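Sequences listed follow chains W and U, in order.
Residue 1 is where the first sequence starts when you use my numbering, and the numbers rise one by one after that.
Residue 1 is where the second sequence starts when you use my numbering, and the numbers rise one by one after that.
2 protein chains.
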Amino acid sequence: MKAAKRKRLEAAGWHVGTSADFLELSDAEQSYIDMKLALGDALKATRATRRLSQTDVAALVASSQSRVAKMEAADASVSLDLLVRTLLTLGVPRRRVARMLGG
Amino acid sequence: MKAAKRKRLEAAGWHVGTSADFLELSDAEQSYIDMKLALGDALKATRATRRLSQTDVAALVASSQSRVAKMEAADASVSLDLLVRTLLTLGVPRRRVARMLGG
DNA sequence: GATCACTATGTCTTTTTTGACATATGGTGG
DNA sequence: CCACCATATGTCAAAAAAGACATAGTGATC
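Here it is, written out as structure tokens:
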């Protein structure tokens, strides 16, 4: 299995390697997950260019290091909401956030 | 107060007319609310072109009529998540959802 | 190989969001 | 006026997501 697909499934809350590969995601689910992955990557990139640690970001957005880690991993427990609000709080303009979501 | 601003504040969970007009929202909060409003409007528009009732949409996305009404109104109790997932489920392409968010 | 900074993951408790329901409001045709 | 349909609004129990914390993994650098 390709790493990209594995990542997607795991983001959807599935643990690949144990049982589920046949699992089919609807287009809507797929897009939703892709959006989260895109924002997670964007967050990681943004953080990198600013040379901030996850702990730094957590402080800036009033959250915790673990949650930032989960955001970047597009963990199933993080919402689009949290990702979007985090990026906006970091000063990423709305327009740019929107473009990230576009694919 | 202009209707647009009123709508924004109410979406943020504030009941205008009673006390709070001086209330200041950060850029991030403002953008976040604007995004929800944009998606709410988009949902209403999408639904209109397809000539569906809120009840119809509720059935399609496995929710309730009241929640659809709140989505369209960008009620403070609806998340970006729900709006995005609803639009995607209705078949609106990811790219288009993203453009809606851009402003 | 020990220490240190950073990141990942698991598990709690609390808070927020959700769907459901009831009910109110608004419009339309009989 | 009265049914009838669509939409709006309030409340609530249940579900999901949140922040917090502990802890484990990963690399440097010394």
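We put the beta carbon where it would ideally sit given N, CA and C, even for glycine.
Only a predicted model underlies this, so the values are computations on that prediction, with no experimental measurement involved.
Residue range 65 to 72 is occupied by the alpha helix (DSSP H) that includes residue 68/W. The C-beta of residue 79/W comes closer than 8 Å to at least one C-beta of chain U. The beta carbon of residue 52/U does not come within 8 Å of any beta carbon belonging to chain W, so the residue lies off that interface. In the DSSP annotation of this structure, the continuous segment of the alpha helix (DSSP H) that includes residue 40/U starts and ends at 27 to 49. Identification of residues in the stretch 35 to 50 of chain U having a C-beta nearer than 8 Å to some C-beta of chain W yields 35, given in sequence order.
Of the candidates 56/W, 74/W, 95/W and 103/W, the residue whose Cα lies closest to the Cα of residue 9/W is 74/W.
Exposure of residue 24/W is indicated by the presence of fewer than 16 other C-beta atoms within 10 angstroms of its C-beta.
Using beta-carbon distances, residue 84/U counts as an interface residue toward chain W, with a partner under 8 Å.
Interface residue (Cβ-Cβ distance to chain U less than 8 Å): residue 62/W is not classified as such. The beta carbon of residue 89/W sits closer than 8 Å to the beta carbons of 60 and 61 from its chain, once the five residues preceding and following it are set aside; these are given in chain order.
If you draw a straight line from the Cα of residue 78/U to the Cα of residue 70/U, it is about 7 Å long. Neighbours of residue 55/W in chain U, taken as residues at a C-beta separation under 9 Å, are lacking, since the least C-beta distance is about 20 Å. Using beta-carbon distances, residue 67/U does not count as an interface residue toward chain W, since no partner is under 8 Å. Beta-carbon to beta-carbon, residue 36/U and residue 11/U are separated by about 6 Å, close enough to satisfy the 8 Å threshold. If the five residues before and after residue 80/W are omitted, its C-beta is found closer than 8 Å to the C-beta atoms of 32, 35, 36 and 39, all from its own chain and listed in chain order. In this structure residue 92/W is not in contact with residue 55/W, their Cβ atoms being roughly 19 Å apart against a cut-off of 8 Å. Put simply, the backbone Cα of residue 27/U is about 12 Å away from that of residue 87/W.
Judged by DSSP in its simplified three-state form, residue 10/W adopts helix.
The beta carbon of residue 103/W sits closer than 8 Å to some beta carbon of chain U.
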